[in-house]
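Novice:
Residue numbers (the working numbering): 1282 to 1660.
Encoded structure:
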């Protein structure tokens, strides 16, 4: 098994940053939105985010375009598009059901060779799964280099008009036309963007630093917990998720079937507890002590969870000091599968890392409670 190095990191964030005061100008308000917005923003601590939209609601970039632009940021005279051997990407918001997101990103890469592609499905951990596929491909000797990327283009899903049929149906039934909190909540949480890493089987000698991937590990709790975050489905009273294919096209609109929904109560009960349990076990089986971490990069959806996470880790015997934290959620927003890429890109390119320092990546996914981790060493 060979070593694998992250030798370059890049990002692409569409358009200008959107502050909290002007979010509604882009995604619009529905009945009750302003109250929910105030509650959500008070807790999540996000100051700016990015949308692949203009104020008229026109879409400015596809997800494939966002991802390609991040990949393009990895290229230079020393590594060109025709040198890429593998493209591995993850997202929870592809532009279409079929073909795969990776195929559409590769379609943007004019001048590329006939390379292997991989798409990782899921929510936030899909970005880490894409990274792991690239890592394993090089580690096994099957490839000498790979590009891994994580992205989201979620803003068009959150536009006011996507919910108009559901609200009109409520009015016709003489009900109050207000979105369920599980849908409205996420409209003020999510944002767009993409990050990408170049992985190689040798460190780049021209770099001041490279990041060696020591290990990657993951753990799912789906066998014991019900679904928490979902789209393209409805959840019944028994906690079962019923596929959109079981409903008529009329019901798709009436129920805003393809909106993203999250069970807030289930999230609060489990996301930290299972995160502590999984990280403790992952560190143990990889024989690494938490006290040795120099930078801890946890993907959190909201600063509401920051102190809860750190307190939970310490109570669970995972001793990572608060000053080891590195989070840029407040600047770039919650970009789902792209968030861990945007955090590491920021750390890699904008902070003075020293050889021998360790970086722990931590990505939870509330879909059905899946957790992914990676340990990196600066070389």
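The beta carbon of each residue, even a glycine, is placed where N, CA and C say it ideally should be.
If you're wondering where the values come from, they're calculated on a predicted model, not measured in any experiment.
With contact counted as at least three CB pairs below 8 angstroms, one residue from each stretch, are the region 1653-1660 and the region 1460-1480 in contact?
Specialist: Touching, no, given that fewer than three Cβ pairs across the two stretches are closer than 8 angstroms.
Novice: Alpha carbon to alpha carbon, what distance is there between residue 1513 and residue 1409?
Specialist: Here the question's residue 1409 lines up with position 128 in the chain shown. Here the question's residue 1513 lines up with position 232 in the chain shown. About 23 angstroms.
Novice: What did DSSP end up calling residue 1400 once you bin it into helix, strand or coil?
Specialist: Here residue 1400 refers to the residue found at position 119 when the chain shown is read from its first residue. Note: residue 1400 maps to strand in three-state DSSP.
Novice: Within the continuous alpha helix (DSSP H) that includes residue 1386, where are the two ends?
Specialist: Indexing the chain shown from 1 puts residue 1386 at position 105. Per DSSP, residue 1386 belongs to the alpha helix (DSSP H) from 1382-1389.
Novice: Under 9 angstroms between the Cβ atoms of residue 1654 and residue 1634?
Specialist: By one-based count along the chain shown, residue 1654 stands at place 373. By one-based count along the chain shown, residue 1634 stands at place 353. Cβ distance not < 9 angstroms, so residue 1654 and residue 1634 don't count as in contact.
Novice: Would you check if the region 1599-1617 and the region 1572-1591 touch, i.e. whether three or more CB-CB distances between them fall below 8 angstroms?
Specialist: At 8 angstroms Cβ cutoff, the stretches touch.
Novice: Kindly indicate which residue of 1646, 1629, 1384 has the alpha-carbon position closest to the one of residue 1290.
Specialist: Taking the chain shown and counting its residues from 1, one reaches residue 1290 at position 9. Closest by alpha carbon: 1629.
Novice: Could you tell me the alpha carbon to alpha carbon distance between residue 1378 and residue 1434, rounded to whole angstroms?
Specialist: Position 97 of the chain shown, counted from the start, is the residue given in the question as residue 1378. Position 153 of the chain shown, counted from the start, is the residue given in the question as residue 1434. Each residue's Cα considered, the two are about 14 angstroms apart.
Novice: Nearest-angstrom Cα distance between residue 1627 and residue 1578?
Specialist: Taking the first residue of the chain shown as 1, we reach residue 1627 at position 346. Taking the first residue of the chain shown as 1, we reach residue 1578 at position 297. Taking the straight line joining both Cα atoms gives about 11 angstroms.
Novice: Grab me the residues of residue 1424's own chain with a C-beta within less than 6 angstroms of its C-beta, minus the 5 sequence neighbours each way, in chain order.
Specialist: Numbered from its first residue, the chain shown carries residue 1424 at position 143. Cβ neighbours of residue 1424 beyond the five flanking positions: 1366, 1367, 1418.
Novice: Throw me the rounded Cβ distance for the residue 1385 and residue 1345 pair, which I believe falls under 8 angstroms.
Specialist: For the purposes of this step, residue 1385 is taken as the residue at position 104 of the chain shown. For the purposes of this step, residue 1345 is taken as the residue at position 64 of the chain shown. Their Cβ separation, rounded to whole angstroms, is 4 angstroms, which keeps residue 1385 and residue 1345 in contact under 8 angstroms.
Novice: According to DSSP, is residue 1528 part of a helix, a strand, or is it coil?
Specialist: For the purposes of this step, residue 1528 is taken as residue 247 along the chain shown, with counting starting at 1. Of the three classes helix, strand and coil, the one that applies to residue 1528 here is coil, per DSSP.
Novice: With a cut-off of 8 angstroms, do at least 3 Cβ pairs link the region 1527-1536 to the region 1610-1629?
Specialist: Output reads no: the region 1610-1629 does not touch the region 1527-1536.
Novice: If contact is defined by three or more beta carbon pairs under 8 angstroms, each pair taking one atom from either stretch, is the region 1498-1512 in contact with the region 1542-1558?
Specialist: Yes, the region 1542-1558 touches the region 1498-1512.
Novice: For residue 1388, which residues of its own chain have a beta-carbon under 8 angstroms away from its beta-carbon, when the five flanking residues on both sides are left out?
Specialist: The count along the chain shown starts at 1 and reaches residue 1388 at position 107. Only 1345 meet the Cβ criterion.
Novice: When the Cα atoms are used, what is the spatial distance from residue 1559 to residue 1337?
Specialist: Here residue 1559 refers to the residue found at position 278 when the chain shown is read from its first residue. Here residue 1337 refers to the residue found at position 56 when the chain shown is read from its first residue. Cα-Cα distance, rounded: 44 angstroms.
Novice: Would you please state the rounded distance, in angstroms, between the beta carbons of residue 1326 and residue 1441? I believe it to be under 8 angstroms.
Specialist: As a working mapping, residue 1326 is identified with position 45 in the chain shown. As a working mapping, residue 1441 is identified with position 160 in the chain shown. Going by Cβ atoms, the distance from residue 1326 to residue 1441 rounds to 24 angstroms, so no, they are not a contact pair.
Novice: Considering only their Cβ atoms, is the gap separating residue 1372 from residue 1348 smaller than 9 angstroms?
Specialist: Translated into the one-based positions of the chain shown, residue 1348 becomes position 67. Translated into the one-based positions of the chain shown, residue 1372 becomes position 91. Contact flag set, yes.
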